[in-house]
Every structure is written in structure tokens, then in C-alpha cells.
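Line by line, the protein sequences give chains A and B.
When the letters of the first sequence are read in order and numbered with our numbering, they come out as residues 1 to 675.
When the letters of the second sequence are read in order and numbered with our numbering, they come out as residues 676 to 785.
Built from N, CA and C at the ideal position, the CB exists for glycine as well.
Remember, it's a predicted structure, so these values are computed and weren't measured experimentally.
So the structure is just underneath, and the comments pick up after that.
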Amino acid sequence: MRFPDSDQPDASPAAQDAVAGPSSVGLDHPGPSNGHLNGNGFAAAPNGAPAASATGNGVQKHNGHSKQSSAASHALSVARVTLPGSSLYDDSDVDREEFIRLVIQSLRDVGYIESAATLEAESGYAMETPEVADFRRFILEARWSKAENSLQRLGVRDREGLWDARFLISQQKYLELLEAQRTTDALQVLRNELAPLDVDSEQLHALSSLMMCSEPEDLRQRAGWDGAAGHSRRILLDNLHRYIPPSIMVPPRRFSTLLHQANAYQRQQCVYHNIPMSSPGFSLFADHQCDKTGFPRVTTTVLEVHIDQVWIVEWSRDGNFLASASKDKSAIIWGIGPETEMPIREWEKRHVLDHHYGVQSLSWSPDDTMLLTGSEGHIKMWNAKTGVCIRTLEEHSEPVTAFAWLPDNSGFLSAGMDFKIIIWNMDGQRRDIWSLLPVRITYMAVTPDFTRLVAIGMRAPSPVDPRADGEGAPSGANGGTVTASPPPKDEHRLLVYDFDSRRNEASEPFEGELTGLSVSHNSQYALVSRSPDDIQLWDLNLGRMARKYTGHRQTKDIIRSCFGGFESNFVVSGSEDGNVYVWHRDTGVLLEVLEGHGEGSVNCVAWNPRNERMFASCSDDHTIRIWEAPPADMLMMLDSPTGVDYPLPVTKGKGKTRQRWDGDSADAGGSSART
Amino acid sequence: MGMTYRRYLAGERIYGCSNCRTHLATIHSMVSRAFNGQHGRAYLFDGVVNVLEGEPSDRPMTTGNHTVRDIYCCKCGVTLGWKYEKAYEASQKYKEGKYILERNLLVDVQ
Chain A
1 MRFPDSDQPD
11 ASPAAQDAVA
21 GPSSVGLDHP
31 GPSNGHLNGN
41 GFAAAPNGAP
51 AASATGNGVQ
61 KHNGHSKQSS
71 AASHALSVAR
81 VTLPGSSLYD
91 DSDVDREEFI
101 RLVIQSLRDV
111 GYIESAATLE
121 AESGYAMETP
131 EVADFRRFIL
141 EARWSKAENS
151 LQRLGVRDRE
161 GLWDARFLIS
171 QQKYLELLEA
181 QRTTDALQVL
191 RNELAPLDVD
201 SEQLHALSSL
211 MMCSEPEDLR
221 QRAGWDGAAG
231 HSRRILLDNL
241 HRYIPPSIMV
251 PPRRFSTLLH
261 QANAYQRQQC
271 VYHNIPMSSP
281 GFSLFADHQC
291 DKTGFPRVTT
301 TVLEVHIDQV
311 WIVEWSRDGN
321 FLASASKDKS
331 AIIWGIGPET
341 EMPIREWEKR
351 HVLDHHYGVQ
361 SLSWSPDDTM
371 LLTGSEGHIK
381 MWNAKTGVCI
391 RTLEEHSEPV
401 TAFAWLPDNS
411 GFLSAGMDFK
421 IIIWNMDGQR
431 RDIWSLLPVR
441 ITYMAVTPDF
451 TRLVAIGMRA
461 PSPVDPRADG
471 EGAPSGANGG
481 TVTASPPPKD
491 EHRLLVYDFD
501 SRRNEASEPF
511 EGELTGLSVS
521 HNSQYALVSR
531 SPDDIQLWDL
541 NLGRMARKYT
551 GHRQTKDIIR
561 SCFGGFESNF
571 VVSGSEDGNV
581 YVWHRDTGVL
591 LEVLEGHGEG
601 SVNCVAWNPR
611 NERMFASCSD
621 DHTIRIWEAP
631 PADMLMMLDS
641 PTGVDYPLPV
651 TKGKGKTRQR
661 WDGDSADAGG
671 SSART
Chain B
676 MGMTYRRYLA
686 GERIYGCSNC
696 RTHLATIHSM
706 VSRAFNGQHG
716 RAYLFDGVVN
726 VLEGEPSDRP
736 MTTGNHTVRD
746 IYCCKCGVTL
756 GWKYEKAYEA
766 SQKYKEGKYI
776 LERNLLVDVQ
């Protein structure tokens with residue numbers, strides 16, 4: 001419910017500008033022109049001293065303004081309500097006083113000053129004691145010694161906290177004196193106030209070096225501080241919050257913070273979440289929960305041109321093209337056809353890129369103009385528009401397994417089974433060896449923020465019992481008792497490097513075989529596919545495993561997994577059982593097992609970088625499937641028990657397509673899409 | 676099926692395909708040097724890597740009848756030798772599951 005706007009129509013914007021003030025600009029005052037407001041969210045005294053005194057819970061009395069708020073006079077007429085107990089509801093453990101004080105803070109923040117005062121009067125709870133308001137004012141008005149003196153009254157009891165808080169205040173004082181070019185006074189502060197506070201000498205040294213600044217501008221820059229006239233005093237207040245018990249000085253916008261937490265929690269619990277939280281549909285009135293509507297779980301297109309297993313798919317950065325790599329010695333660039341009519345997108349084969357061997361790696365350049373492919377030890381650079389091979393680079397002596405692009409379009413890296421990561425210029429000139437790794441590299445990725453390079457790889461351990469060259473080798477045809485052994489298992493590792501220094505940060509040994517790696521958009525996580533049968537989420541900052549995803553099958557093939565969806569909410573992987581598996585990233589819950597591909601492994605999956613409702617998968621069955629959220633007219637069909645046969649477009653060699661909606665397997669029967 | 680990487684071996688002596696240098700076996704898994712193949716000397720190995728196996732067929736050999744499969748390099752497809760599936764004579768049973776690589780088709784790689 002909302003009452004018509006009050007008599008302060010311009011109040012709200014003003015209040016919003018006052019960034020973090022627990023009690024925002026007093027609306028009964030003309031605005032920041034009055035001495036102590038300063039746009040810092042400090043309410044001089046609009047909150048009704050009479051009301052406070054009436055309840056014995058005085059907010060501050062001081063104010064020199066004649067225009068006492070009507071709230072006060074209004075508040076006078078409000079009778080205090082006395083309630084039993086101290087909780088908000090009989091059966092709740094929310095403290096009533098805390099709750100009411102937060103409500104008062106919120107009301108005041110947005111500008112409902114009278115309501116806040118009324119509530120204070122009616123409840124008998126003041127948002128804050130007068131000391132808090134005074135303290136805030138002292139800081140904002142640079143009355144440093146008064147501020148320091150009130151610290152103890154505000155509950156800063158332990159010695160260390162008190163010293164830290166005093167240090168912060170004195171530091172501000174020191175900086176402001178320097179800014180005002182009162183160097184002698186500043187020096188006094190440094191000697192008599194800061195130095196005795198037992199801070200570490202480096203910090204003190206840094207502060208004293210600021211004495212050398214000749215211009216205030218120079219000082220602000222070097223100190224990373226925006227001056228007395230800037231936000232620095234408010235920032236100081238925020239920092240001081242740490243030392244003052246929150247029950248005394250309520251942290252700014254506390255209610256809103258709690259609501260954001262509720263929001264984040266609901267978002268976390270919403271396993272199918274695939275839309276921005278800001279979109280309509282999120283309300284305080286109901287818990288947020290996405291249904292499957294926006295989730296890509298039906299095949300909208302089958303691309304059938306490859307004549308052997310398809311190993312890799314990757315989207316162009318703009319999401320309009322798809323590149324696929326196959327055992328059939330070709331890579332194909334696919335694009336959305338011209339005569340696309342929603343909701344059915346038509347895909348067509350744009351270019352077939354021929355190689356001498358199967359294609360095991362590919363990567364789009366950041367501007368999508370170039371495609372790199374790796375086939376055995378050869379790298380081919382292709383013009384993605386024309387499908388023409390620009391250059392073939394023959395430096396790796398073993399298969400090239402991964403590419404990564406350098407910032408600013410300055411070149412790229414290639415990694416191979418020959419232990420090497422090579423740096424190339426954009427024109428294909430070999431620049432350098434980035435590093436020689438201790439493993440044969442099976443995949444590599446650079447985090448989007450270019451802070452880390454992550455690689456997986458393997459190496460054969462040396463035999464346990466090395467014999468002298470040839471001599472110890474058995475002879476004679478009756479060698480049945482001779483102990484010869486099949487080659488031992490390879491050692492697999494996850495390696496993390498600092499990208500700039502190329503220093504190794506982590507080298508994690510793994511049981512089993514590592515086959516896939518991708519990094520999250522926020523550069524925090526690496527997703528590592530491991531056979532047998534699990535995918536691990538590694539927190540690169542903490543250097544440890546955060547979560548595991550299981551349910552799919554992987555025993556011998558190179559199966560790739562990736563992040564997907566809005567804010568990388570999902571983890572998706574191929575599987576040797578021919579299905580596509582999708583998990584919720586944060587909970588590890590298996591959301592979908594999507595059927596449709598034929599016999600053999602689903603080798604790789606790729607989520608469209610621009611459309612969170614679309615991904616592609618490729619399989620041993622020679623096809624690529626595009627998965628999308630079911631269009632509205634289809635949702636009903638999906639729910640019907642019989643399932644529906646739509647024509648599904650299948651892109652054949654000539655670019656002809658046919659289409660059939662291949663629904664959620666459980667609903668549509670999961671019948672084969674191909675004829 | 677799917678994509679797989681070729682395996683790589685380590686040790687003092689690695690035998691590779693003479694055509695494309697793909698790693699095949701190490702000296703540590705060698706059982707015997709005293710065999711003969713179609714191109715002369717051949718080695719018996721306990722385990723080899725990176726080979727594809729053909730269809731089984733029965734072949735009379737100097738040491739009796741055996742069921743064998745030809746083996747091919749997984750990269751270049753060259754025939755390298757064979758694998759013993761079954762030996763019919765008791766004294767030859769030890770060969771079952773082991774591999775013959777012909778010396779002339781091998782090259783030392785490192």
C-alpha cells in the first residue's frame with residue numbers, strides 16, 4: 001500500500017544521493033545548505049526530540065533550527081504502545097527492538113521522517129542514542145578530539161579496537177591538515193598522536209612520506225584519499241563501524257542488506273535460475289523460484305554433415321556461429337541461416353575446413369575474424385568469413401590440444417602434447433616459448449581476467465625397475481616366468497600459473513585421467529573433467545576443490561564439460577552413455593539428463609556465450625545438436641502425455657534442413673530424431 | 676569410441692612406429708627377442724600402446740596353431756605385428772594376450 005506523495009516531492013532523490021547515511025538528510029530542512037548535512041546522510045535532528053524525551057529514549061536534542069519538524073508535534077500526539085515480551089511475534093526469534101530500529105532507519109533513509117518519528121514515539125525505541133548522532137556529527141564536522149572522546153562511550157572497549165579507531169581518526173586529521181597545508185600541525189599529529197599508537201612502522205613511514213607532497217591534489221592522489229571535501233569523512237565513518245558495536249551504531253542500510261541476503265539465498269536455491277535477478281518476477285512478496293521454462297532442454301536443430309565422430313564444438317564470441325571439429329579430418333563453421341523465422345532457427349553449413357588428420361582443437365579469435373584449428377602437430381589459421389586457410393604453423397612435434405588468446409589482440413598461445421606452450425603473433429610468427437610444462441598438455445585455458453593460466457596434462461612415470469640398456473632384457477622363447485610389465489599408468493596433473501610472472505602456483509596430482517578444463521567468467525573457478533566419472537570444480541583463489549558433479553559416464557574417452565547459463569549457473573557435460581548431463585553449479589544437483597544423441601559418446605558441449613538459453617553438443621553419432629528452451633507453443637505439447645512429432649531441421653550437406661521438436665525425453669518419448 | 680589421446684611412454688628405451696614415431700612399447704615390457712616375423716626378427720611384448728587390433732584369424736606357426744589378430748599403428752595405420760589371442764598347445768599358452776612387434780618396423784624414439 002502506498003499513500004500519495006507527501007509534501008516533500010523532491011525528497012526521495014535527495015535521500016538516494018546520500019549514499020550510506022543510516023539516517024538520511026532531514027527532509028524538513030531545506031537541504032545540504034545547512035551546516036551539518038553536507039550530503040553525508042546525517043540527520044541533524046528532524047526525528048523529534050520531544051518524542052524521544054517523552055519515551056525516555058532520547059534521540060538527540062541538539063539542533064538550532066527553528067523549523068522543528070511537524071513530525072515532532074505529530075509524534076507528541078502518539079501514545080506509546082507497550083507490548084509484552086521482546087520478540088517480534090510470539091513464535092519468532094526476531095528481536096522486536098532490533099526490527100523496529102531497522103524499520104526506523106529505513107523510513108528515515110528514504111525520507112519518511114514523520115513516520116519514523118511516530119514509530120519511535122509509539123514503540124519507545126530510538127534508532128540510535130544521542131551519543132551516536134553526536135559522534136557522527138563530530139566526524140563529519142572534523143571535530144576530531146570530541147569524536148575520539150566519544151569512542152569509549154560508544155562501546156569501543158577493548159584496547160586494540162580503541163587504538164585502531166583512534167588511529168583512523170588521527171589519520172584523517174593528519175591528512176586534512178596536510179591538505180590544508182598546515183604542515184607543522186600535521187607533523188604534531190604524526191608525532192604525538194599517530195606514532196604512539198603502536199602501528200607498524202611501514203604504515204607510519206608511508207604516512208610521513210606524504211609530507212613531501214607539495215600540492216593538495218598530489219597528496220590526494222598518493223594517499224588514495226579524496227580530501228576533506230570529498231567522501232573521505234563518510235568513508236572514515238564506515239570504517240569506524242567496525243569498532244563500534246552494531247547495536248549502538250546501526251550499520252548503514254541494514255534492512256536493505258538483509259533483504260539482499262535473502263535475495264541471494266533464494267537465487268542460490270533456485271536451481272533452474274537462468275534470468276537476471278533484476279528482471280520482473282522478483283518480488284519481496286514471494287520467494288523467488290524459476291521453473292524450467294527458460295532452460296534449454298529440447299533439441300531444436302540437428303546438424304548432420306560430418307561423416308565421423310564430432311569431437312569439439314565451440315561458439316564464436318558473438319554467439320552467431322558455431323565451429324565443430326571432427327575425426328573426419330574437417331572442421332565446419334556453421335551459421336544461422338538467412339531466412340530465420342522465430343521460433344525455428346535455421347542453421348547452415350558455411351565453410352568446411354579440410355585437414356590431413358582428425359581435428360582435435362579449435363578456438364575463435366576474440367573478434368571472431370579468425371579460427372584456429374589443431375590437427376596433430378599442425379596449427380591452421382583460418383579466415384572465419386571466407387573459410388580460407390591463412391597459414392599452417394608447424395612447430396609442435398605432438399598434437400596441439402588447446403589455444404588461448406592474449407589481451408589486446410596481440411597474439412595467442414598454443415599448447416601441445418610436446419610439453420610446450422608457444423606464443424604466436426596474430427600473423428602467425430612464432431614469438432617465444434611461454435613455458436615448457438612438466439606434463440604433456442591435454443588442455444589449457446587462460447582466465448578471462450588474464451591473471452592465471454590453467455593447464456591439465458599427463459606424463460608417463462619412469463618404469464619402477466629400470467634395467468640397463470638391452471642387457472637385462474629377457475631372451476629365450478620360454479620367457480613365461482620373466483617379469484615384464486605393461487606400461488604403468490600415466491600421472492595426471494592440474495597446473496596453475498600466474499599469467500604475468502609465469503610462476504607456478506599449484507600442481508595438483510590426480511587419480512585417473514583429466515580430459516577437460518574450462519574456467520568461469522569471473523575467473524574464480526576451473527572445471528576439470530576427470531575419468532572415471534566425475535567433474536570437479538576448483539576454486540583457483542583458494543587452491544582447492546569446491547564441488548563435485550557425478551552421474552554421467554566417462555571411462556576412456558576425452559569428454560569435455562563447460563559452464564553455462566546466466567552467471568555460469570550450470571555445469572554441463574557429455575557422457576559415454578550418449579546423454580547430455582546438466583548440473584546446478586552451486587549445489588551440485590543433477591538437473592537434466594537430456595537424451596537424443598545416438599550411439600556412442602557425447603564428446604563436447606558448449607554453451608552459447610550470448611544466449612543463455614542455448615547450447616550445443618556433439619557426438620560420436622556424427623551429429624551436433626542445438627538445445628534451446630522450449631518455445632511457448634511447445635511447452636503445452638511437452639506436458640501432453642503423448643508427445644508430439646514436430647519436424648526437426650536437420651542440416652545435411654546441401655544445407656537443407658528439416659525440423660522436429662525433440663522434447664524432453666520423458667515427455668516426448670525420446671524417440672530418435674533422425675531418419 | 677570418442678576422442679582419445681595417444682599414450683606416451685617413458686624409460687631408457689622406447690620403441691616407436693618406424694613410419695610415424697608413435698610410441699608403442701618400452702624395453703621394460705619386452706618378454707623375448709627370440710621371435711621371427713614376416714620381415715625377420717620380432718620381439719614379444721607384455722603390453723603395447725597405440726595399436727588397433729584387426730579381426731582374429733587362425734594361423735599355423737612353427738610352434739603350432741594360434742589364433743592371432745594383426746595390430747596396426749593407431750596414427751598411420753601401418754601393420755606392426757600381431758597379438759596372440761589363443762595358443763592351442765599347452766607349452767605356448769604363455770603367449771596369450773602378448774604382442775609381437777617386428778623389429779624392422781620399429782624405431783627408437785625418445
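CB of residue i within 8 Å of CB of residue j, strictly
i	j	result
residue 601 (chain A)	residue 560 (chain A)	no
residue 776 (chain B)	residue 683 (chain B)	no
residue 616 (chain A)	residue 517 (chain A)	no
residue 81 (chain A)	residue 148 (chain A)	no
residue 755 (chain B)	residue 695 (chain B)	no
residue 95 (chain A)	residue 253 (chain A)	no
residue 145 (chain A)	residue 135 (chain A)	no
residue 133 (chain A)	residue 240 (chain A)	no
residue 460 (chain A)	residue 685 (chain B)	yes
residue 417 (chain A)	residue 690 (chain B)	no
Reduced DSSP secondary structure (H/G/I, E/B, other) of residue i
i	result
residue 292 (chain A)	helix
residue 268 (chain A)	helix
residue 359 (chain A)	coil
residue 597 (chain A)	coil
residue 742 (chain B)	strand
residue 167 (chain A)	helix
residue 679 (chain B)	coil
residue 151 (chain A)	helix
residue 510 (chain A)	strand
residue 132 (chain A)	helix
residue 728 (chain B)	strand
residue 112 (chain A)	coil
residue 144 (chain A)	helix
residue 373 (chain A)	strand
residue 181 (chain A)	coil
residue 244 (chain A)	coil
residue 747 (chain B)	strand
Identity of the residue in the options nearest residue i by Cα
i	options	result
residue 737 (chain B)	B:678, B:762, B:723 and B:684	B:762
residue 506 (chain A)	A:513, A:374, A:490 and A:526	A:526
residue 764 (chain B)	B:687, B:735, B:713 and B:774	B:735
residue 391 (chain A)	A:215, A:363, A:429 and A:163	A:429
residue 248 (chain A)	A:98, A:533 and A:566	A:98
residue 370 (chain A)	A:210, A:626, A:353 and A:565	A:353
residue 125 (chain A)	A:114, A:104 and A:113	A:104
residue 409 (chain A)	A:397, A:438 and A:367	A:367
residue 276 (chain A)	A:625, A:631, A:91 and A:611	A:611
residue 356 (chain A)	A:379, A:349, A:582 and A:336	A:379
Below-8 Å beta-carbon distance, residue i vs any chain B residue
i	result
residue 460 (chain A)	yes
residue 600 (chain A)	yes
residue 225 (chain A)	no
residue 440 (chain A)	yes
residue 274 (chain A)	no
residue 558 (chain A)	yes
residue 444 (chain A)	no
residue 203 (chain A)	no
residue 417 (chain A)	yes
residue 311 (chain A)	yes
residue 603 (chain A)	yes
residue 577 (chain A)	no
residue 653 (chain A)	Residue placement at residue 653 (chain A) cannot be trusted, given a pLDDT of 48 that sits under 50; what the coordinates show is reported in the next sentence. No, its Cβ sits nowhere closer than 8 Å to a Cβ of chain B.
Rounded Cβ spacing between residue i and residue j (contact assumed at less than 8 Å)
i	j	result
residue 308 (chain A)	residue 597 (chain A)	Not really, about 15 Å apart at Cβ, beyond 8 Å.
residue 578 (chain A)	residue 599 (chain A)	7 Å
Interface flag, residue i vs chain A, CB-CB below 8 Å
i	result
residue 781 (chain B)	no
residue 679 (chain B)	yes
residue 686 (chain B)	yes
residue 690 (chain B)	no
residue 683 (chain B)	yes
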